[in-house]
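Enquirer:
Residue numbers (the UniProt record's numbering): 1 to 240.
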């Protein structure tokens with residue numbers, strides 16, 4: 001059984017996540033080409049904490065699958081879209097995926113959208129269904145098992161700017177690991193291009209994350225950058 005995530009309380013993050021999810025669920029229900037939607041990942045499985053991101057499984061009519069393979073077609077809710085990238089290589093053939101960052105009340109929110117055609121759809125055993133228009137069957141497979149079945153889609157081309165923008169948007173994900181005191185925090189900071197930090201206290205890792213954000217200032221992605229700094233302020237307050 002998966003363990004519940006255990007970061008310190010961060011009610012502001014939980015509030016913006018809940019507000020975004022409520023608005024987006026309403027928008028998806030109003031879209032008749034969306035057959036159903038479910039929470040997957042930690043929220044779907046009931047093991048989320050205040051730091052958890054959102055993973056959404058969206059079921060679309062087969063003929064409109066590619067329409068939802070872009071963040072421009074997906075609802076923003078109360079957030080401002082600051083980054084999006086095609087992530088279909090993370091899913092099985094004939095599915096699509098988009099990873100995106102939205103800024104809500106000055107703070108970043110990471111969303112992984114998984115878009116599957118109704119002809120291949122099942123609700124994973126550890127998902128929480130938000131709505132379902134056509135009684136989709138539930139599988140005994142977990143979401144991870146469901147996602148990794150068979151051959152995956154090929155990755156779409158990415159530019160150097162895409163990769164840099166993604167690393168900037170992922171800085172709060174490293175911050176989330178730090179909030180949970182994950183042993184993978186230092187490795188993630190280095191993966192994103194930050195300095196090497198030995199297994200010291202959390203203040204050293206936080207300093208490294210701020211240095212990492214400083215490196216991305218030249219990209220000109222001001223909204224994402226400022227949201228990253230604001231997130232680290234929330235993180236510092238929570239860890240004190």
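Ideal Cβ placement from N, Cα and C applies to all residues, glycine included.
1) Which residues in the same chain as residue 1 place their Cβ atom closer than 7 angstroms to its Cβ, once the five residues preceding and following it in sequence are excluded?
2) Only counting the same chain, and skipping five residues up and downstream in sequence, which positions put a Cβ closer than 7 angstroms to that of residue 124?
3) Does residue 219 come out as helix, strand or coil in the three-state DSSP assignment?
4) Looking only at C-alpha atoms, which of 33, 109, 73 and 54 sits nearest to residue 42?
5) How is residue 121 classed by DSSP in three states: helix, strand or coil?
6) Kindly give me the distance between the Cβ atoms of residue 175 and residue 235, rounded to whole angstroms, as I take these residues to be in contact under 8 angstroms.
7) By how many angstroms is the C-alpha of residue 112 removed from the C-alpha of residue 222?
8) Let's test the definition: count the other Cβ atoms within 10 Å of the Cβ of residue 17 and tell me whether it reaches 16, buried, or not, exposed.
9) Less than 6 angstroms between C-beta atoms, sequence neighbours within five positions excluded: which residues of the same chain meet that for residue 156?
10) Does the beta-carbon of residue 52 have 16 or more other beta-carbons within 10 angstroms, so that it is buried, or is it exposed?
11) Are three or more beta carbon pairs between the region 63-82 and the region 26-41 nearer than 8 angstroms?
12) Output needed for residue 130: all residues of its chain with C-beta closer than 7 angstroms, excluding positions within five of it in sequence on either side, in chain order.
Expert: Judging by the given coordinates:
1) For residue 1, the predicted model reports a pLDDT of 43, less than 50, meaning its position is unreliable; a value from the coordinates is still stated below. Excluding residues within five positions, none has a Cβ falling inside 7 angstroms.
2) The residues are 40, 139, 141, 142, 143 and 146.
3) If DSSP states are grouped into helix, strand and coil, residue 219 belongs with the helices.
4) With distances taken between Cα atoms, residue 42 lies closest to 54.
5) Three-state DSSP puts residue 121 in coil, outside helix and strand.
6) Yes, they are in contact, since the Cβ atoms of residue 175 and residue 235 sit about 5 angstroms apart, within 8 angstroms.
7) Using only the alpha carbons, I get a separation of about 22 angstroms.
8) By the C-beta density criterion, residue 17 is buried, having at least 16 other C-beta atoms within 10 angstroms.
9) 86, listed in sequence order.
10) By the neighbour-count criterion, in which 16 or more other beta carbons inside 10 Å mark a residue as buried, residue 52 falls on the buried side.
11) Touching, yes, given that three or more Cβ pairs across the two stretches are closer than 8 angstroms.
12) Within the same chain, residue 130 has close Cβ partners 25, 37, 38 and 39.
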